[in-house]
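Trainee:
Residue numbers (the numbering used here): 161 to 345.
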């Protein structure tokens with residue numbers, strides 16, 4: 161059976177539209193981010209470690225970066241030390257992989273003050289379980305100190321923290337949103 165060029169083009173367009181229809185980037189405001197994550201922590205990046213996993217099913221050379229953050233929960237104010245993990249990273253100059261969704265090198269420097277949003281995953285790939293940095297680069301926000309106190313740097317429309325705001329105001333809003341969501345369950 162031979163297809164006419166118009167029929168073939170229509171079939172190709174239908175397949176492409178179906179594929180594009182399933183791949184979506186979701187815009188997350190703060191309420192949605194808090195609802196989808198296990199916690200938000202403000203603190204200092206103490207360590208950064210990259211590991212490599214060679215997995216029989218998921219494949220070789222799976223690289224993951226884990227940031228160890230010491231600080232406090234913005235949900236319930238408890239002191240915490242947490243490891244948050246995302247795909248990508250380099251063990252050395254020759255062994256690693258870039259990931260376009262990973263936080264920038266500047267965002268993940270040891271010593272940085274940050275806010276991280278994370279969610280536990282049983283398998284991030286390669287049977288690695290842990291606290292996944294939610295939406296990778298969209299789950300980490302740098303904190304800078306200014307005359308008015310600590311400020312969380314926003315990332316623009318579509319991100320949980322869209323504009324620069326004081327850490328204290330973000331802290332209060334995350335606590336409020338989390339409590340409201342727990343009451344609503």
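No residue lacks a Cβ here, since even glycine has one placed at the ideal position from N, Cα and C.
As the structure is a computational prediction, the values presented were derived from the model and not from experiment.
#1: Taking only runs that begin and end inside the region 174 to 235, name each unbroken alpha helix (DSSP H) of 4 or more residues, in chain order.
#2: What do you get for residue 272, buried or exposed, if any count of 16 or more other CB atoms within 10 angstroms of its CB means buried?
#3: Is the separation between the beta-carbon of residue 299 and that of residue 197 shorter than 9 Å?
#4: With a Cβ-Cβ cutoff of 9 Å, do residue 251 and residue 212 count as a contact?
#5: By the 10 Å Cβ neighbour count, where 16 or more other Cβ atoms means buried, how is residue 238 classified, buried or exposed?
#6: So residue 305 is in the beta strand (DSSP E); what residue range does that whole segment cover?
#7: Does the count of Cβ pairs from the region 285 to 301 and the region 243 to 261 closer than 8 Å reach three?
#8: Leaving aside the five residues before and after residue 188 along the sequence, list all residues of the same chain whose C-beta is less than 8 Å from its C-beta, in chain order.
#9: Measuring only the C-alpha atoms, how far is residue 278 from residue 194?
#10: In this structure, how does DSSP classify residue 333 when only helix, strand and coil are distinguished?
#11: Helix, strand or coil for residue 279, going by three-state DSSP, please let me know.
#12: In whole angstroms, what is the alpha-carbon distance linking residue 339 and residue 330?
#13: Would DSSP call residue 262 helix, strand or coil?
#14: Roughly how many angstroms separate the alpha carbons of residue 236 and residue 230, rounded to a whole number?
#15: With a threshold of 16 other CB atoms inside 10 Å of the CB of residue 341, please say whether the residue is buried or exposed.
#16: Can you tell me whether DSSP reads residue 325 as helix, strand or coil?
Mentor: In short, the structure shows the following:
#1: Every alpha helix (DSSP H) stretch that sits fully inside the region 174 to 235 and reaches 4 residues is listed by chain position as 190 to 196.
#2: Locating residue 272 in the chain shown gives position 112, counting from the first residue. By the beta-carbon neighbour count (other beta carbons within 10 angstroms, threshold 16), residue 272 is buried.
#3: Along the chain shown, one-based indexing puts residue 299 at 139. Along the chain shown, one-based indexing puts residue 197 at 37. Annotated as proximal: residue 299 and residue 197, with beta-carbon spacing under 9 Å.
#4: Taking the first residue of the chain shown as position 1, residue 251 is located at position 91. Taking the first residue of the chain shown as position 1, residue 212 is located at position 52. In this structure, residue 251 sits near residue 212, with a CB-CB distance shorter than 9 Å.
#5: For this step, residue 238 is matched to residue 78 along the chain shown. Counting C-beta atoms within 10 angstroms of its own C-beta, residue 238 has fewer than 16 neighbours from the protein chains shown and is therefore classed as exposed.
#6: As a position in the chain shown, residue 305 is number 145, starting the count at 1. Run containing residue 305: 300 to 306, per the beta strand (DSSP E) assignment.
#7: Yes, since at least three Cβ pairs between the region 285 to 301 and the region 243 to 261 fall closer than 8 Å, the two stretches touch.
#8: Translated into the one-based positions of the chain shown, residue 188 becomes position 28. Apart from sequence neighbours up to five positions away, the residues of its chain that approach residue 188 with a beta-carbon distance below 8 Å are 196, 295, 298, 318, 319 and 320, ordered along the chain.
#9: The residue labelled residue 278 in the question sits at position 118 within the chain shown. The residue labelled residue 194 in the question sits at position 34 within the chain shown. Whole-angstrom Cα-Cα distance: 9 Å.
#10: Counting from 1 along the chain shown, the entry for residue 333 is found at position 173. Looking at residue 333 - three-state DSSP - the assignment turns out to be helix.
#11: The residue given as residue 279 occupies position 119 in the chain shown. Residue 279 falls in the strand class under three-state DSSP.
#12: Reading the chain shown from its first residue, position 179 is the one you call residue 339. Reading the chain shown from its first residue, position 170 is the one you call residue 330. Taking C-alpha positions only, residue 339 is separated from residue 330 by approximately 14 Å.
#13: By one-based count along the chain shown, residue 262 stands at place 102. If DSSP states are grouped into helix, strand and coil, residue 262 belongs with coil.
#14: Stepping through the chain shown from its first residue, residue 236 is reached at position 76. Stepping through the chain shown from its first residue, residue 230 is reached at position 70. About 15 Å.
#15: Along the chain shown, read from residue 1 onward, the residue named residue 341 stands at position 181. With fewer than 16 Cβ atoms within 10 Å of its Cβ, residue 341 is classed as exposed.
#16: As a first step, residue 325 must be located in the chain shown, where it is residue number 165. Strand, per DSSP.
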